[in-house]
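Step one of this worksheet: look at the structure below.
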Amino acid sequence: MGKDSGYNNLGTWSVVLAGGEGKRLSHLMERWLGYHKPKQYCVFVGTRSMLQHTLDRVDHISSPEHKVTVISRSHRQIALPQLRGRAGNILFQPANRGTAAGIFLALTYVRRYNPLATVVIHPSDHFVYPEEHLIQALRRVVGLVPLLSDRLILVGIVPNEIEVDYGWILPDQSLGWYGEHEFRTVSSFLEKPGSTQAREVADSGGLWNTFLMVATVETLWQLGWRCLPGLMQLFEILEEKIGTNREEGVLHSIYQKMFSHDFSREVLEQAVDRAVVYQLESVLWSDWGREERIVQSLCQVGRRPHFLESILRSTRTGEPDGDSSRSTREQSHERRNERKYSYDNAAC
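The structure is reproduced here in structure tokens:
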């Protein structure tokens, strides 16, 4: 995957969000691995985890040294082997205080290192194929930031089905074209709508929100102060101590005082007037929040997840999954999933 010689990433930084717990897949992890493991650290296919795939993509958008990865302190033992030998900064959150805290913690350090930086924010647990197409799209967006320096640019995916578990972006007026791609203002955001509402949004041109975002660090910082001033006050206290012997103590102290905040609900939805969406059609994307989505996505690219064989083997042998306390409803749902896996496996 060669780097574009015409692409200048000198002022670009990347933030990788890897602090999630992956609770929606906990039942799959228990059956597959025998214990819970957040999905960003799992190798579903091939030899790299979702986090490692993300880090490799990121290094084609910003210099490897200009990368801040946010990890939960409780994941340290799992994460460090996957981060070994990689350039960049690793931040261990003392506690999970929601997506806004994870983002602004990373931005505190980016701002300290380069207050003029353009920042690309990447979730670490999403499926993307082909990766090269997304890399090129993000490079285009980064190149547009000087013209939209006071805006927050989001990447929206044209939906191929009605999805009630995703966040949606409703585009509004066109700001013009950049090559073959249109940038539009945003009329509203919608989180996890019901099926009827999701269908209406899709019919109206709504896009899936990938949570991939690009903006200057100063624009993001201003939005933080506008929407979450109490949180930003804590991070400005931390910023003053970065590089001193008080840094670690202050980090723990502010997290003890901090409330949990959701970036989508408390920042994005309150800052529609500053949001711009870039529509992406050439990428297969999924948040892999449910196990059937994992199977479906990989089937579309001719692959099978590593966990599939163990599930099918259990189905054939009739071996229990070790949880006799599960309700009849749960067991029935699992049997339906297993039949779907068998069908998808044959289709692949």
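Adding 778 to a residue's 1-based position in the sequence shown gives its number in our numbering.
Here a beta-carbon is modelled for each residue, glycine too, at the ideal position from N, C-alpha and C.
All values derive from a computational prediction rather than experimental measurement.
Have a look at G972 and L788 and give me their C-alpha separation to the nearest angstrom. Against the sequence shown, residue 972 aligns to sequence position 194. Against the sequence shown, residue 788 aligns to sequence position 10. Rounded to the nearest angstrom, the two C-alpha atoms are 43 Å apart.
Please classify S1075 as buried or exposed, where buried requires at least 16 neighbouring CB atoms within 10 angstroms. Here the question's residue 1075 lines up with position 297 in the sequence shown. Classification for S1075: buried.
T1022 - DSSP class collapsed to helix/strand/coil: Looking up residue 1022 in the sequence shown gives position 244. Note: T1022 maps to coil in three-state DSSP.
Rounded C-alpha distance that separates G1024 from N938: Locating residue 1024 in the sequence shown gives position 246, counting from the first residue. Locating residue 938 in the sequence shown gives position 160, counting from the first residue. This sequence places Arg at residue 1024; Gly is not what is there. Rounded to whole angstroms, R1024 to N938 spans 50 Å at the Cα level.
Should T1022 go down as buried or exposed, given a rule of 16 or more other Cβ atoms within 10 Å for buried? Position 244 of the sequence shown, counted from the start, is the residue given in the question as residue 1022. That one is exposed.
Are the region 943-963 and the region 995-1009 in contact at 8 Å, needing three or more beta carbon pairs? no
Between which two residues does the beta strand (DSSP E) harbouring Q871 extend? Counting from 1 along the sequence shown, the entry for residue 871 is found at position 93. Element bounds for Q871: 867-871.
For the beta strand (DSSP E) containing Q951, name the first residue and the last one. For the purposes of this step, residue 951 is taken as residue 173 along the sequence shown, with counting starting at 1. Per DSSP, Q951 belongs to the beta strand (DSSP E) from 945-956.
Is the region 980-1000 close to the region 854-869, with three or more CB pairs under 8 Å? no
Can you tell me the Cα-Cα spacing of I1032 and E1018, whole angstroms? Here residue 1032 corresponds to residue number 254 of the sequence shown, with the count starting at 1. Here residue 1018 corresponds to residue number 240 of the sequence shown, with the count starting at 1. Spanning the two alpha carbons is a distance of roughly 13 Å.
Contact set for D1101: own chain, Cβ-Cβ below 6 Å, skip 5 residues either direction: Your numbering for residue 1101 matches position 323 in the sequence shown. Interpretation of D1101 is limited by its pLDDT of 40, a score under 50 that renders its predicted location unreliable; no figure is taken from the coordinates.
Are the beta-carbon atoms belonging to T877 and R929 less than 8 Å from one another? By 1-based counting over the sequence shown, the position of residue 877 is 99. By 1-based counting over the sequence shown, the position of residue 929 is 151. Cβ atoms of T877 and R929: not closer than 8 Å.
Which residues in the same chain have their Cβ closer than 6 Å to the Cβ of R1104, if we skip the five residues on either side of it in sequence? Indexing the sequence shown from 1 puts residue 1104 at position 326. Here the model assigns R1104 a pLDDT of 38, short of 50, so the residue's position is not dependable and the matter cannot be decided.
Look at Q830 and G798 and say whether their C-beta atoms are less than 8 Å apart. One-based indexing of the sequence shown puts residue 830 at position 52. One-based indexing of the sequence shown puts residue 798 at position 20. No.
Would S902 pass as a contact of A1049 if the rule is Cβ separation under 8 Å? Mapped onto the sequence shown, residue 902 falls at position 124. Mapped onto the sequence shown, residue 1049 falls at position 271. At least 8 Å separates the beta-carbon of S902 from that of A1049.
Looking at the structure shown, is V807 part of a helix, part of a strand, or coil, going by DSSP? Position 29 of the sequence shown, counted from the first residue, corresponds to residue 807. Checking the displayed sequence, the identity of residue 807 turns out to be Met instead of Val. Residue state, collapsed to three classes: helix.
Let me check understanding here. Comparing Cα to Cα, which of R864, D837, G983 lies closest to Y785? In the sequence shown, the residue the question calls residue 785 occupies position 7. Here the closest residue by C-alpha is D837.
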